[in-house]
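Numbering (this note's numbering), first residue to last: 4 to 248. Written below as structure tokens is the structure these notes are about.
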Ligand code: 6PG
């Protein structure tokens, strides 16, 4: 079964639509549960979305109810230009009234990837206040690499197989930056209420077609992105038209 797909002429148009959907989900989530939990994606594609959200599009989001996490992070200082937190902070978090206590960032200064993972997993679980129940995000944002990776789940890496934890360490894939990372695991991503893929750029065409149609990509029987399928949630793809040509 193919998931929902929306195609936009420009990244600007895509970003506006996704921002509107996020604000709508936030309204619903805060009405239902008093909180909006979102995991941000890294890379460059979502930057425009974060900048659009920062202007709130004439709406009045209840930012005090938003809780921000990161679906993956590079193990670099948080002010490093390769840091996903640094990008989101510059594009969004530094421009909206979301306090530090509402932002859960992987502690990349800790000594080993395993320690960073263990601390982040504990922090996530504690922040959900419902020990025992699998933490479930309102939204997880994801990007797509031209090799079919998503978050920091790279083809052929053992992180893809992790089934018992929320977060796992991941060695670099073939695409830059070549640094160790931590990433949400597939089961954790698939537990979300909403998973949104944001994809732009003709270099993603083959990876998108393989992931969306759950088909092989070259020698790869299934892309990591193709393994994303929320068990009880909604999966939507937002792509620019250069991805389909
Ligand atoms: C990361 C991202 C990664 C990204 C894709 C697409 O930390 O690198 O989480 O999964 O979303 O590589 O990146 P672009 O948006 O820059 O093409």
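C-beta atoms are modelled at their ideal positions from N, C-alpha and C, and glycine is treated no differently.
Item to check | Cross-strand partners of residue 173 (DSSP beta bridge) | outcome: Note: residue 173 sits in a beta bridge opposite 184.
Next on the checklist: I need the DSSP call for residue 4, collapsed to helix, strand or coil.
Outcome noted: Residue confidence is low: residue 4 scores 46 on pLDDT, short of 50, so the model does not pin down where it sits. Its coordinate-derived value is still stated next. Looking at residue 4 - three-state DSSP - the assignment turns out to be coil, as it is neither helix nor strand.
Item to check | the ligand 6PG heavy atom lying under 7 angstroms from the CB of residue 168 | outcome: No, since every heavy atom of the ligand 6PG falls outside the 7 angstroms radius drawn around the Cβ of residue 168.
Item to check | Proximity test, Cβ basis, 8 angstroms: residue 238 and chain C | outcome: In the structure shown, chain C cannot be found, because there is only a single protein chain.
Checklist entry - Hey, quick one: how far does the beta strand (DSSP E) through residue 38 stretch, first residue to last? => result Element bounds for residue 38: n/a, residue is neither H nor E.
Item to check | Bridge-paired residues (DSSP) for residue 73 | outcome: Residue 73 pairs with 43.
Checklist entry - Hey, residue 170 and residue 120 are a contact pair by Cβ (cut 8 angstroms); roughly how many whole angstroms apart? => result About 5 angstroms separates the two Cβ atoms, so the contact holds.
Checklist entry - Are residue 127 and residue 198 closer than 8 angstroms when you measure CB to CB? => result It is not a contact, given that the beta carbons lie outside the stated cut-off.
Checklist entry - Among 139, 130, 229, which residue has its Cα nearest to the Cα of residue 256? => result As displayed, the chain neither begins before 4 nor continues past 248, which places residue 256 out of reach and without an answer.
Item to check | Three-way DSSP call (helix, strand, coil) for residue 191 in this model | outcome: Residue 191 falls in the helix class under three-state DSSP.
Checklist entry - For the ligand 6PG, any of its heavy atoms closer than 7 angstroms to the Cβ of residue 13? => result No - the ligand 6PG has no heavy atom lying nearer than 7 angstroms to the Cβ of residue 13.
Item to check | Rounded straight-line distance, which links the Cα of residue 146 to that of residue 49 | outcome: Roughly 8 angstroms between the two C-alpha positions.
Checklist entry - Does the ligand 6PG have a heavy atom nearer than 7 angstroms to the CB of residue 46? => result Checking every heavy atom of the ligand 6PG against the Cβ of residue 46, one is found closer than 7 angstroms.
Checklist entry - In angstroms, rounded to a whole number, what distance separates the CA positions of residue 251 and residue 223? => result As displayed, the chain neither begins before 4 nor continues past 248, which places residue 251 out of reach and without an answer.
Item to check | residue 87 beta carbon near the ligand 6PG (any heavy atom closer than 7 angstroms) | outcome: Here the distance from the Cβ of residue 87 to the nearest heavy atom of the ligand 6PG is below 7 angstroms.
Checklist entry - How is the beta strand (DSSP E) around residue 199 delimited, first residue to last? => result From DSSP, the beta strand (DSSP E) with residue 199 extends over 197 to 202.
Item to check | Host beta strand (DSSP E) of residue 241 (start-end) | outcome: DSSP places residue 241 in the uninterrupted beta strand (DSSP E) bounded by 237 to 243.
Next on the checklist: Short of 6 angstroms in beta carbon distance, which residues of its chain neighbour residue 249, apart from the five on each side in sequence? Order them along the chain.
Outcome noted: Outside the shown range of the chain (4 to 248) lies residue 249, about which nothing can therefore be said.
Checklist entry - Are the CB atoms of residue 231 and residue 220 nearer to each other than 8 angstroms? => result Residue 231 is not a Cβ neighbour of residue 220, given a cutoff of 8 angstroms.
Checklist entry - Considering only the beta carbon of each residue, do residue 186 and residue 155 sit closer than 8 angstroms? => result Result yes, Cβ atoms of residue 186 and residue 155 sit closer than 8 angstroms.
Item to check | Residues bridged to residue 1 (per DSSP) | outcome: Since the displayed the chain opens at 4 and closes at 248, residue 1 lies outside it and no answer follows.
Item to check | Where residue 120 falls: helix, strand or coil (DSSP) | outcome: Reduced to three states, the DSSP call for residue 120 is helix.
Next on the checklist: Using a Cβ-based criterion (distance less than 7 angstroms to any ligand heavy atom), does residue 155 qualify as near the ligand 6PG?
Outcome noted: Yes; taking the cut-off as 7 angstroms, the Cβ of residue 155 has a heavy atom of the ligand 6PG nearer than that.
Checklist entry - What is the rounded straight-line gap between the Cα of residue 148 and the Cα of residue 227? => result When rounded, the distance between both Cα atoms is 10 angstroms.
Checklist entry - Per DSSP, residue 162 is paired with what? => result Paired residues: none, contrary to the question.
Checklist entry - With 16 as the cutoff for other CB atoms within 10 Å, does residue 214 come out buried or exposed? => result So residue 214 counts as buried.
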